[in-house]
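In UniProt numbering, the protein residues as written are 1 to 408.
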């Protein structure tokens, strides 16, 4: 396993502007190969999908290429890959489709650790059908989502369990496979939000136990498109609301309108980029993607350890959550400063961090932080370095000043 961060950073043109990007959880910078793939597809003659002429066949190839790439990334089948504009849009489509078959007395289990995109669509679908919503709670001190609680939450009336594979607020990686096993034992389906987890390590649909798994390409060096994957037979059993003349085959019937063919080219290029993160990796693209993300994960963990230790050493910083397994993401506050003030001050120094609730609505409401501005989020991606972490910590020291050092 080999990972050269200098080599990797050279693949991102935007890094040359001098910013330190700790905002990858909200969207990573775009790899050069992705930019070129999108531009190349826009320069070429491309029509809507058709077998009758070459530009139409190019469009077909771009769609097929993106499906195959996402399948390699997630351990899925290309015919089980549904493409869409965002994870939220795809989850809403699934929730409305499944929810149409729910009845009063049915139950849905959601978690307060999740991004609202894997909460609100299910809550609203349950409300529309008369189904009951049951809530999985996180531990406020650790940020863990105990898998054991699902034995009480899931019953023979449960139709779906929605859970994140990685919290976008504090990085928690729940025991998704154990949660899925409990759900499946009761006959329930499992929808896993992989938007925050997929960029940070190898992902396998079957190992997670997910019936549906969603991811967003712009979180792993790609364009603003998303995909939801499932076994093709799972899609075959579902009939979404759709236009009458639109394609009725799987997975096409779950996709609305004409797709952005250039962005689909970018999706394929982004997966190829991930497959090249470990230059020593061999095998097919699926094997190389897994090796590349494993190498990147080891690098990210080392950088993130430096960040966590540095934040813990500063008494004027309050860190939220301490999960045993986590993606490289942390939320914190600096004493005496609102999160928006902290982020703005860091931004003036060329450090890019998110602030607010980042759509982790239930987490910040439960913690009593949302009304006062949420928190500041720092997330590490494979192009981040220890030097950038030290730069961030030094700027926090400058912001706190001598009077802030003993305040918590």
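Don't be surprised by glycine CBs; every beta carbon is placed ideally from N, CA and C.
Just so it is clear, the structure is predicted and the values come from calculations on it, not from any experiment.
Among the options, whose alpha-carbon lies nearest the alpha-carbon of residue i?
i, options, result
"residue 370", "297, 379, 71 and 358", "358"
"residue 254", "198, 230, 375 and 391", "230"
"residue 78", "86, 89, 65 and 128", "65"
"residue 417", "378, 228 and 170", "Residue numbering for the chain in the displayed model covers 1 to 408; residue 417 lies beyond these limits and cannot be assessed."
"residue 164", "149, 331, 197 and 89", "197"
"residue 237", "226, 251 and 243", "251"
"residue 329", "204, 280, 166 and 107", "166"
"residue 233", "298, 18, 331 and 81", "81"
"residue 208", "293, 37 and 177", "177"
"residue 335", "350, 15, 372 and 354", "372"
"residue 93", "263, 224, 214 and 307", "214"
"residue 326", "149, 312, 308 and 333", "308"
"residue 85", "133, 132, 211 and 264", "264"
"residue 278", "294, 286, 284 and 266", "294"
DSSP state of residue i, grouped into three classes?
i, result
"residue 173", "coil"
"residue 42", "helix"
"residue 383", "coil"
"residue 19", "coil"
"residue 354", "strand"
"residue 72", "helix"
"residue 223", "coil"
"residue 322", "coil"
"residue 111", "strand"
"residue 135", "strand"
"residue 279", "coil"
"residue 259", "coil"
"residue 121", "helix"
Excluding the 5 residues flanking residue i on each side, which residues of the same chain have their C-beta closer than 6 Å to its C-beta?
i, result
"residue 73", "271 and 289"
"residue 331", "169, 170, 320, 375 and 377"
"residue 400", "316"
"residue 409", "The requested residue 409 is not part of the displayed model; the chain covers only 1 to 408."
"residue 58", "46"
"residue 342", "334 and 376"
Looking only at DSSP bridge pairs, what is residue i linked to?
i, result
"residue 228", "82 and 214"
"residue 374", "356"
"residue 191", "162 and 212"
"residue 317", "334"
"residue 329", "379"
Beta-carbon within less than 7 Å of residue i's beta-carbon, same chain only, minus the 5 sequence neighbours each way: which residues are those?
i, result
"residue 142", "321, 322 and 323"
"residue 405", "Caution applies to residue 405, whose pLDDT of 44 falls short of 50 and renders its modelled position unreliable; the value that the coordinates give is listed next. Taken in chain order, the residues that qualify are 315 and 316."
"residue 122", "95, 108, 110, 160 and 162"
"residue 133", "108, 110, 123 and 126"
Within its chain, find whatever has a CB closer than 8 Å to the CB of residue i; leave out the 5 residues flanking it on each side and keep chain order.
i, result
"residue 204", "74 and 75"
Exercise for the section: Decide yes or no for the touch test of the region 16-28 against the region 379-387: beta carbon pairs closer than 8 Å, at least 3 of them. Expected result: Contact between the region 16-28 and the region 379-387 is present: 3 or more CB-CB pairs across the two stretches fall below 8 Å.
Exercise for the section: For the region 53-62 and the region 385-399, state whether three or more C-beta atom pairs, one from each stretch, are separated by less than 8 Å. Expected result: Short answer: they don't touch.
Exercise for the section: Take every Cβ of the region 209-222, pair it with every Cβ of the region 258-272, and state whether three or more of those distances are shorter than 8 Å. Expected result: The answer is yes - the region 258-272 touches the region 209-222, with three or more Cβ pairs under 8 Å.
Practice task
Determine contact between the region 128-135 and the region 95-109, defined as no fewer than three beta-carbon pairs at a distance below 8 Å.
Solution key: Yes: the two stretches touch, three or more of their Cβ pairs being nearer than 8 Å.
Problem - At least three beta-carbon pairs within less than 8 Å, the region 148-164 to the region 175-193 - result: By the Cβ rule, the region 148-164 counts as touching the region 175-193, because three or more pairs are nearer than 8 Å.
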